[in-house]
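J.: So that we are looking at the same thing, I have put the structure below in structure tokens.
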Amino acid sequence: VQTGCRQIAFLGMNPSLPISNNRRMGYEDALRKNKIPVDKDFMKVCDVAEMVHKVVPEILKGDKIPDAFFCINDEVAAYCVQIVKASGYRIPEDISICGFTNSYITEVTDPTLTTVDQHGFEMGKQAARLLINRIEGTETKPGIVSKVIKTELVVRDSTR
Numbered sequence: 141v142q143t144g145c146r147q148i149a150f151l152g153m154n155p156s157l158p159i160s161n162n163r164r165m166g167y168e169d170a171l172r173k174n175k176i177p178v179d180k181d182f183m184k185v186c187d188v189a190e191m192v193h194k195v196v197p198e199i200l201k202g203d204k205i206p207d208a209f210f211c212i213n214d215e216v217a218a219y220c221v222q223i224v225k226a227s228g229y230r231i232p233e234d235i236s237i238c239g240f241t242n243s244y245i246t247e248v249t250d251p252t253l254t255t256v257d258q259h260g261f262e263m264g265k266q267a268a269r270l271l272i273n274r275i276e277g278t279e280t281k282p283g284i285v286s287k288v289i290k291t292e293l294v295v296r297d298s299t300r
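If you want the numbering used here, it's the position in the sequence shown, counting the first as 1, plus 140.
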């Protein structure tokens, strides 16, 4: 959005999964905050490679071509890069692509992938610490403990 993209497609997973639903809601919130209409035609379920290979070409052959794809994870984004390039579009000049997770694949795609780093290692570390504290009895709060770990946008070559 900050680079001028206004036609942003979302490639998500099954909407009944909380992780997919949360990322979709974040996508929709970002569009609304920037006064960009949410276009349901640009919101697709793409949780496996076969779906990416089916859905992305359909989007690119449509009447409205997105200027960006926001993908549920880096694997989907990597497949999206392949398909967009094979369709004759330049990344990021014509279409930007952003993934989510900051996995190793982001640095081996061509171009390298912009992604949202959710700091998975830190999440695991804090979850383990909470569990150990419960087991040892140093965590005395009953019930669910909630921790927020900020995500970070890692800008690479797949976005303007």
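Built from N, CA and C at the ideal position, the CB exists for glycine as well.
Which same chain residues end up closer than 6 angstroms to V178 when comparing Cβ atoms and leaving out the 5 residues on each side of it in sequence?
T.: E168, L171, listed in sequence order.
J.: Which value, in whole angstroms, describes the spacing of the CA atoms of C211 and I148?
T.: Cα to Cα, C211 sits roughly 10 angstroms from I148.
J.: How long is the line joining the alpha carbons of R163 and G152, rounded to whole angstroms?
T.: Approximately 8 angstroms, taken between the alpha carbons.
J.: Would G239 and D257 be called neighbours here (beta carbons separated by less than 7 angstroms)?
T.: It is not a contact, given that the beta carbons lie outside the stated cut-off.
J.: Please look up how many angstroms separate the CB atoms of S236 and T299, rounded, as I've assumed it's under 8 angstroms.
T.: Indeed, because the Cβ distance is near 4 angstroms, the residues count as touching under 8 angstroms.
J.: Kindly list the residues whose CB is nearer than 6 angstroms to the CB of Q266, restricted to its own chain and excluding five residues on each side of it in sequence; keep chain order.
T.: Counting only Cβ-Cβ distances below 6 angstroms, and skipping sequence neighbours, we find K287.
J.: Apart from the five residues just before and just after Y219, which ones in its own chain have a Cβ nearer than 8 angstroms to its Cβ?
T.: Same-chain partners within the cutoff: A189, V192, H193, V196.
J.: Assign N174 to buried or exposed, taking buried as 16 or more other Cβ atoms, counted over all protein chains shown, within 10 Å of its Cβ.
T.: Flag for N174 reads exposed.
J.: List the residues that DSSP assigns as beta-bridge partners of K184.
T.: Beta-bridge pairing links K184 to L151.
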